[in-house]
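There are 2 protein chains.
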Amino acid sequence: MSGREPGTLGEWLSAGGPEGDVVMSTRIRLARNVADYPFLGRIDERRKAALEHSLREKLGACLDAPVYHDLEAATPVDRQCLVEGHVISRDLAQGRGARGVAVGPGGVLSVMVNEEDHLRVQVLRAGLAPDEAWAEILAADRRLEGAIDFAFSPELGYLTACPTNVGTGMRVSVMLHLPALVWTKQVDKVLHAVSKINLAVRGFYGEGTQALGDFYQISNQATLGRTEEDTLRAVADYVPHIVAFERNWRRKLLAEHRAGIEDRIWRAYGMLERARLLTSEEAMEYLSALRVGVDLGLIGGVTLAAVNELFILTQPAHLQKLAGRELDTPARDEHRAAFVRGKLARLN
Amino acid sequence: MSGREPGTLGEWLSAGGPEGDVVMSTRIRLARNVADYPFLGRIDERRKAALEHSLREKLGACLDAPVYHDLEAATPVDRQCLVEGHVISRDLAQGRGARGVAVGPGGVLSVMVNEEDHLRVQVLRAGLAPDEAWAEILAADRRLEGAIDFAFSPELGYLTACPTNVGTGMRVSVMLHLPALVWTKQVDKVLHAVSKINLAVRGFYGEGTQALGDFYQISNQATLGRTEEDTLRAVADYVPHIVAFERNWRRKLLAEHRAGIEDRIWRAYGMLERARLLTSEEAMEYLSALRVGVDLGLIGGVTLAAVNELFILTQPAHLQKLAGRELDTPARDEHRAAFVRGKLARLN
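Protein chains in written order, with this note's numbering: chain A, 3 to 350; chain B, 3 to 350.
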């Protein structure tokens, strides 16, 4: 159960994925708890450690070739790498005590141990792929169910630490890249409509994080009193409307303001190619514009998958892993600029 | 007396010139009036036209292969090109009635007819070259004096339309590029010191224009009661102090803030290489940074002379001459970006 680097970028992102021009990724997670143990808010350290130990073994046995990262033992940079790769939550990284994550091949499937719930099962897919993700997580859930006795009520469904997850324990999230709607100041209108149909909008790194670089995450709110299929369809059927809206505006902007749009995109490219210091925020902003440029066919030689990777690889912990040492903010800005510059030079 | 294009860039700028890292150009002009004619403020149109006609002929006869531009007949774009090339003043371009300019080979020598005075003789040289410029303008002045009876008083010296020019009628101006002093906010201190020793500070296009892109023009104020040599020395001997100050700060910035300075310069280069729309102000700002980058050896393949040319060739009228038609502001921004981009691509 070891061998791969923590935070190694999963295949899920390297693939472009369906509707990859607007949809960065689809994520499904299931919250699960073990029947014989108290919820984590009321557990003592000894039993929490015993739970982690037991789950670690069971995950090793019933998942396909997982790598387990012991997050209590991991360095802060390794933990942060997993956050940046969307493999674990910030809460799990910043938590205390016995906890970990089992990651399947390519980073598609991961199971967090002792996050808010005993288990958080997650599948990540590039692009808009709710049905594939659902099939994969269902298969994993069934294998886990064969080995673990989950806390379940026939009336309520799966029992979870937080009441908002009771029922299916399921969250479907789609990460959208909406630069044209941001640039034309229409994104608030869209997000308002989203919230009206009981979907939530979150930032680039999930709950409580900010939308960054024109990225918005749409996910379901309700988990109680509706089936998994309903939840899936509620998100999956709504997203194509936003995708079409974003696409239309990209084309419209290009048709009606070609010089301005080309200028914006090529300036971003020039900054990425030439800057010697790049903050995290700047990298997000310029990569966002570059992503549109690739989609609109303005910039050749660069693929969406390559840009997607850069979003992750230019994050602070990934830069420190690449450098092989801790870097303060100015040093990170220098490494980030050098990394992006080198990458773009190799692509051309 | 024709053949060369109006506003063609003079050789004076294409050469790098002494102290070319900080000194863009040296200019000397002499104000002269013809004894038999009233000053231009009190002349009627008929006599003004007769004066212009007579001077045009005399300039043709006593200068070496001049091209005469009739500015009453010239198009606004052609007039503006001559302003942008520093060949004529804005006042002459925007004036009315019979007026013109005779331009010698390479644009080094030019003689304006019916500007504020009947004649304004000018020599332009790249870099800090006061002695060469003085030798050239003296030779030209002597040839003109052999053909024209100048208004001269044994007590006061040359008589001029404006009392501030009476005496020598001479102005020595040095165009300085002071980015390090601007970036470190020390330029005001320097300019204050300059004004204390009775030198004037002017903008990129002379009297009444703004300092632009970190360029400052230093020139003498007094023309009365001092010799030409004194005037020349007052400017020429002071400039090297500013040059040394600017140079030290460029080195100091590079030594102490290398990443920040490289970042600033390479970002400017990235904008010039990649932008699809460039305003005049942006071009000045980025070219200014590029000029420092070339001087500090950070950017190879580009010469100071090439950057100097770009300052002029990216001005509005030059862009319109290149395009062969009138361009509104957005179209100029597009042409400017395309021109700079093409130029830098050819240099690399």
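The beta carbon of each residue, even a glycine, is placed where N, CA and C say it ideally should be.
Remember, it's a predicted structure, so these values are computed and weren't measured experimentally.
Item to check | From 346/B, 275/B, 248/B, residue whose alpha carbon lies closest to that of residue 298/B | outcome: 248/B
Next on the checklist: Just to confirm my understanding: we take residue 278/B, look at its own chain, exclude 5 residues before and 5 after, and list those with CB closer than 6 Å. What are they?
Outcome noted: 339
Next on the checklist: For a test of the three-state rule: what should DSSP assign to residue 154/A, helix, strand or coil?
Outcome noted: strand
Checklist entry - Would a check of beta-carbon distances place residue 275/A closer than 7 Å to chain B? => result yes
Item to check | Where residue 265/B sits in the DSSP three-state scheme | outcome: helix
Checklist entry - Which chain A residues sit within Cβ distance under 8 Å of residue 268/B? => result 276, 277, 278
Item to check | Test: residue 333/B CB closer than 7 Å to a CB of chain A | outcome: no
Checklist entry - Since residue 140/B contacts residue 19/B with CB under 8 Å, what's their CB separation in whole angstroms? => result Actually they are not in contact, since the Cβ atoms of residue 140/B and residue 19/B sit about 19 Å apart, beyond 8 Å.
Next on the checklist: Would residue 261/A pass as an interface residue toward chain B - the criterion being a Cβ-Cβ separation below 7 Å?
Outcome noted: yes
Next on the checklist: Quick check on the burial criterion: 16 or more other C-beta atoms within 10 angstroms. Buried or exposed for residue 101/B?
Outcome noted: buried
Checklist entry - Should residue 18/B be flagged as near chain A, meaning a C-beta pair shorter than 7 Å? => result no
Checklist entry - Mind checking if residue 271/B is an interface residue toward chain A, Cβ cutoff 7 Å exclusive? => result yes
Checklist entry - residue 113/B by DSSP, collapsed to three states: which one? => result strand
Checklist entry - Among all the DSSP beta bridges, which residues are the ones paired with residue 27/A? => result 128/A, 177/A
Item to check | C-alpha distance - residue 48/A paired with residue 136/A, whole-angstrom precision | outcome: 35 Å
Checklist entry - Going along the chain, which unbroken runs of the beta strand (DSSP E) with 3 or more residues stay wholly within the region 184-263 of chain B? => result 201-204, 217-222
Item to check | According to DSSP, residues forming a beta bridge with residue 71/B | outcome: 103/B
Checklist entry - Identify the residues that DSSP records as bridge partners of residue 161/B: which are they? => result DSSP output for residue 161/B lists no bridge partner at all.
Next on the checklist: Which same chain residues end up closer than 7 Å to residue 321/A when comparing Cβ atoms and leaving out the 5 residues on each side of it in sequence?
Outcome noted: 329, 334, 337, 338, 341
Item to check | Complete beta strand (DSSP E) runs within the region 277-316 of chain A (minimum length 3 residues, chain order) | outcome: none
Checklist entry - For residue 74/A, which of 93/A, 62/A, 177/A, 200/A has the nearest alpha-carbon? => result 93/A
Checklist entry - Per DSSP, residue 169/B is paired with what? => result 160/B
Next on the checklist: So residue 336/B contacts chain A; which residues on that side make the cut at Cβ distance below 9 Å?
Outcome noted: 261, 265
Next on the checklist: Just checking: is the beta-carbon of residue 25/B within a distance shorter than 7 Å of some beta-carbon in chain A?
Outcome noted: no
Item to check | residue 55/B burial status per 10 Å Cβ neighbour count (16 or more: buried) | outcome: exposed
Checklist entry - Just how far apart, CA to CA, sit residue 8/A and residue 275/B? => result Confidence in residue 8/A is poor, its pLDDT being 43 and thus under 50, which makes the residue's placement too unreliable to answer from.
Next on the checklist: Buried or exposed, going by whether 16 or more other CB atoms sit within 10 Å of the CB of residue 31/A?
Outcome noted: buried
Checklist entry - Roughly how far, in whole angstroms, is the beta-carbon of residue 289/A from the beta-carbon of residue 215/A, given that I think they are within contact range, below 8 Å? => result 7 Å
Checklist entry - Considering only C-alpha positions, which residue in the set 286/B, 69/B, 201/B is nearest to residue 111/B? => result 69/B
Checklist entry - Does the separation of the CB atoms of residue 152/B and residue 34/B fall below 7 Å? => result yes
Item to check | Residue range of the alpha helix (DSSP H) that includes residue 342/A | outcome: 331-349
Checklist entry - Quick one, are the C-beta atoms of residue 113/A and residue 123/A less than 7 Å apart? => result yes
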